[in-house]
Amino acid sequence: MRAGSRLLLFSFAVGVAVLGFHCRTGVPVATVLDEAVPLSRPPRIHPDYAGIVIPPNIAPLNFVVKEPGKQYVIRVTGTGGGTVEVVSRHPDLRFPLRPWRALLAANRGKQLHATIAVREPDGTWRKFKPVVNTVAREPIDRYLTYRFITSAHNIWYRIEIRQRDLTTFTTWPVLRNRSFDKGCVNCHTFLNNGTRAMTLGIRSRTYGSCALLIEGRRVTRIGTRFGYTAWHPSGRVVAYSLNKVHQYFHNGGEEVRDVVDLESAIAYYDVARRLVKTNPQFSDHDRLETYPTWSPDGRYLYFCSAPILWTDRRTVPPKHYEETRYSLKRISYDVDHDRWGTAETVLSAEKTGKSLLLPRIAPDGRFLLFCMCDYGCFPIYQPSSDLYLLDLKTNEYRRLTRVNSRRSESWHSWSANSRWFVFSSKRRDGIYTRPYFCHVDEKGRVSKPFLLPTSDPVYFDSLLMCLNVPELSQERVRVSSRALTAAIRSPRGITVQVPIKFTPRRPGAPSLTPAGHPWRSGGSTRK
Amino acid sequence: MNATPRTKLLACLEFAAFFALFFAYVLLRIDLPAIYDQSPYFPPFLTGTHFFVRFVTYPGGLTEYAAAFLAQSYFVPWLGALVVTGVAALLTLSTRRLVAGIAGVPARLVSFVPPFLMLLGYDRYAQHLGTYLAVLLAVFCATAYMAAGTRLPWVRLVWFLVLSVPLYLAVGGGFLLFAGLCGLVEVIVQGRRLLGLFCFLCAEIVPYVGGRFVYDLEPADAFSRLLPYHHLTDPTAAPVLAGFVAFFPVVALAAGVQQARHRRRLSQANDSPGASGEVGAASPPYSARRRLAACVRGVFYATVGVAVCFSYNTPVAQVNRLNELALRGRWDEVLLGAKRVPIHRYTYALFHNVNLALYKTGRLAEDLFVYPEDVDTLLVGIEPRRSLTQIVRIDNALQLAPVDLELGLANEADHYAYEALGRYGERPSVLRLLVRTSLARGEPDVARRFLRVLQHDLVWHEWAGRRLHRLQTDPELRGDSDLRRLRTRRLPRRAGQMWRPLNEKCRALLEHNPRNRMAFEYLMAFLLLTRNVDGVVANLDRLDDFQMQTLPRLYEEAVLIYEGAGKKADLHGRRISTATEKRFAEFVQVYNRFRTMGYLRGAAKALAETHSDSYFFYYYLGSRGEHQ
């Protein structure tokens, strides 16, 4: 017993010593930075968090210093006061949460100067030119909801809708596809950046396809598939697209995958009356209509529209598909009387020479953010897809040069205060999408994008999952995953008649994609 | 009942000898690296918390994590054999404790049944390590439950519940076995039917509550993960695995019955007047019992030995071995070995590898019909059956991608590599393939990502590190001649969509790069296999691009068939060899003789010996496979 106690005590002492050794900084930061040999260039850091505008409520921007050294020191000082210092033997620098928050709070609208010094093998400290970032006055919506999925071609097993608290690193699943036999879940859509009302699209071979209408903690299963969805600001109507969508693959070129809408149209769901309706102006048999979005005042429905250039609506890819370019249109709407005006073109493909997709209007109604790519309807598979900003006051649009990369920039979402947007980008490797954030000021000046901060700064480097369809919201999703699953599995729900019919598949023709779905879960294809 | 030191020593020796033989069998007979490389159910394993975290989100995940870790040892045969032997030995010891706990007597012989069943599984190249570990844990916990050492039911109830929750989290469906064994112990040994019933009910309740309310799982995942017939458990040798799992409750029941009979005899002996309480008074003498035990032992070991040897799946092993050789680029050995495989044992992967081996050894245009052939096996795909050469076979994605890459179909290779990633997860073979396809497609950033993942692999981390280092110094690996060659073959954007027949793809490749010899040879092979002699003749001018002065044998034979129809082929200055002409004349003579008799089957039989490797035979009488 005595020997046991001694052993325990010894182990404890060794543990404390080891811990102390690792925690020991032994580095007087001020002295180091004062005495370090200054260099004329800023340090290389990864992710690139230099020269950016950050929200005052964002989680610490941890990063790796890509400079060789034996020890690293960073001091972040705000022009409005406050300092955070980190000393590390490793090049990955992680800021403590509380001091970081205090620093940002003290520096709203001001700048942060990050001075980094590196101790070289010979013991010399070298100090880099400070990295300067700006803290915006306006906070970003606290939550980011995204889809967590592999870079799927046809086969995948795992797909989740996740939510992340942007003020910390906490992430949790909203819904996992393992709960409903590895089906597909997509297009989570919130009403006015809140979770009071939202929709989710579900495709499942076991439980059927449906849309989930979530109102607070109540989940209703609607027996039809919602494509791209947009809530009317009043919450009384949900516009959505119906897409006869097919995936196919290119034998050459940078992006292997491509997606075509052989046919598409827009319908809307009346929440109170539980009815699906449409209007011939956005369900024209000879045109493709998709990506509906509402103006913040609810008076206009914006959508993308392109003529159908092929007569055979069953062959994939159809002829002339690579000439398909969408224009931006809008149509007025009176929600009180369910009355539609006349559709008008806001920005035509003839003018832009490109395919305009995914329009999203800032909640203050001033700017419309959209994607443009060379052709087609699926920007995430188009390396040419870039973000553009349309000033709805002047009707002038411009390419966001600072934001775009040579790879695909696609799905974007505005914050409730219209000062931030998040978008998906494949800029790192062309395959895996990651969420990036930008600040937009009142004049439409857009800051350099920055990557979603993570606790482990190299987390995204070896993550073989995409984070796509990012949506900002001010609230946490209130409904539990169990309630969502119960609704998916439930045979009960709202049955609706969809007033749009697409050309049926040729009888006996080989299915290009199983069960008419563009993607299938590996769970059902295992042999 | 106490064992003498001699008995103990013998038992130890028996144990050591059994597992020494077990180890030797696994090491020498089972090709563990083939399971590592080829089993579709082989689990990937990466170091680091990000990989680990995904296993804690569902019951059974921890065991799967441990199994994935241990399974990596298969890469090194002796280490893999050691791990398998270790698990088997632990199962034996747990079984002994279980039986001893119930029956009160050791059951040495019976305890060797689980390792025996494990061997039957490995004989079929099944990957069931996760289930073995789950069962091991479940049985171990059941023995821990029995070892509670109290007769107070409420204490045992609490002990059962304390064990249940973590065990369910750890072993998933394996919990059912634990609950069942505990229930049996209560009913048979302790005589507590109510508590036993509670244990049986817990086998339903715990997974239901865990699956429904904690993890939000499908019922199959909540109840049967890691058990046989679950969709994520390797279905190879599923009945053997089911027998393995069922063995434990059966043996527990048998031990319980034996114990009950023993008790009954004891009580009868005590009750009968004049009895001195010697139970064994009527039993045979000690020496006779020893002889009987030795006989039983002998029969048992002989049965085990014979069963294990007979259950060994030689054809599967043979095919696995050939595929393994193909992976290592030992093409001559592939062709040599393939001749020994019966036609009905050919898998798509083997067909595929044989064709590739023929091409690699420069014999595709000479010996295509020496081996069983079928047009659908020239290139095996997984996508819809839109072309002749694509078969829905996901498990062949890994074989197909490298061939596509060699051909110049880099995007198609990339596609299959991603399909393999979706299908198999982050297995090193998939990741290495993705690295190669990404580099061939001129995407070093993507390659770097996969290499960074591979740096977390236990086996391939050094390789990945070296490769990453090379990418640092030469970002696009321009100095790599192999990659340079692949890049020159790669199709441009205007090449159209992927799902086209192989001949169209090869033509597109040749249009892009007329010196793509593989595209040419596969095109000609396709034309030969589809009996398109006009096409073969029309493409003979391409031989000039490869400075081929003479016609390969199969092309000569196709030309003779073509000219036999009264047409004249332009051979661009080449001539048909006299040997081929002579062989054709012989073939025609026999063939015509049987044809006039209306008995083509007879022609096939008569010509099988001499002409089955010829194109004439294939063209007029069908392939060797069809013929058989």
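Here the protein sequences come in this chain order: A and B.
The numbering used here puts the first residue of the first sequence at 1, with every later residue one more than the last.
The numbering used here puts the first residue of the second sequence at 1001, with every later residue one more than the last.
The C-beta atom is built at its ideal place from N, Cα and C for all residues, glycine as well.
Which first and last residues belong to the alpha helix (DSSP H) in which residue i is found?
i: T206/A; result: Premise fails: T206/A is in no alpha helix (DSSP H) and is neither H nor E.
i: G78/A; result: Careful: G78/A lies outside any alpha helix (DSSP H), inside the beta strand (DSSP E) at Q71 to G78.
i: E289/A; result: Not the alpha helix (DSSP H): E289/A falls in the beta strand (DSSP E), residues R287 to W294.
i: V1250/B; result: A1238 to D1271
i: Y1591/B; result: T1578 to T1596
i: F502/A; result: Neither: F502/A is in no alpha helix (DSSP H) and is coded neither H nor E.
i: Y1522/B; result: R1517 to L1529
i: K1505/B; result: L1502 to H1512
Quick one: give me the first and last residue of the beta strand (DSSP E) that residue i is part of.
i: M372/A; result: F367 to C373
i: H1469/B; result: H1469/B -> not in any beta strand (DSSP E); alpha helix (DSSP H) instead, spanning H1461 to T1473.
i: P435/A; result: R434 to H439
i: A306/A; result: Y300 to P307
i: H337/A; result: Run containing H337/A: none; DSSP gives neither H nor E here.
i: Q111/A; result: Q111 to R119
i: H412/A; result: E409 to W414
i: I361/A; result: S355 to I361
i: R476/A; result: Where R476/A is concerned, there is no enclosing beta strand (DSSP E), given that its DSSP letter is neither H nor E.
i: E85/A; result: T83 to S88
My assumption, with CB atoms under 8 Å, is that residue i sits in contact with residue j. Please give the rounded CB distance.
i: D1123/B; j: E1324/B; result: Not a contact, Cβ separation roughly 17 Å.
i: T1131/B; j: L1226/B; result: 5 Å
i: L1167/B; j: A1147/B; result: That belief does not hold up - the Cβ atoms of L1167/B and A1147/B are roughly 15 Å apart, past 8 Å.
i: Y1416/B; j: M1518/B; result: The Cβ separation is near 17 Å, so there is no contact.
i: L1433/B; j: P1402/B; result: 7 Å
i: I361/A; j: P296/A; result: 6 Å
i: S413/A; j: E471/A; result: 5 Å
i: N1411/B; j: F249/A; result: 7 Å
Counting only beta-carbon atoms, is residue i nearer than 9 Å to chain A?
i: V1453/B; result: yes
i: L1421/B; result: yes
i: N1320/B; result: no
i: T1389/B; result: Only weak support is given to the placement of T1389/B: the predicted model assigns it a pLDDT of 42, under 50, and the value that follows is read from those uncertain coordinates. No, because no Cβ of chain A sits closer than 9 Å to the Cβ of T1389/B.
i: E1383/B; result: Note on E1383/B: pLDDT 41, under 50, position unreliable in the model; no value is reported.
i: E1366/B; result: no
i: L1409/B; result: yes
i: Y1125/B; result: no
i: F1069/B; result: no
i: G1496/B; result: yes
i: D1031/B; result: no
i: V1056/B; result: no
i: A1519/B; result: no
Using a Cβ-Cβ distance cut-off of 9 Å, determine whether residue i contacts chain B.
i: A59/A; result: no
i: N468/A; result: no
i: T485/A; result: yes
i: V256/A; result: yes
Report the three-state DSSP secondary structure of residue i (helix, strand or coil).
i: N1539/B; result: coil
i: F169/A; result: coil
i: A1071/B; result: helix
i: R1386/B; result: Low confidence applies to R1386/B: its pLDDT is 41, below 50, so where it sits in the model is not reliable, and the reading given next is rough at best. R1386/B falls in the coil class under three-state DSSP.
i: C210/A; result: strand
i: C1012/B; result: helix
i: Q1399/B; result: helix
i: F1045/B; result: coil
i: Y381/A; result: helix
i: Y326/A; result: coil
i: Q1318/B; result: helix
According to DSSP, residue i sits in a beta bridge with which residue or residues?
i: G194/A; result: L191/A
i: V237/A; result: D270/A
i: Q247/A; result: V259/A
Residues of chain D with a CB under 8 Å from the CB of residue i: which are they?
i: A265/A; result: The chain inventory of the structure shown lacks chain D, comprising the protein chains A and B.
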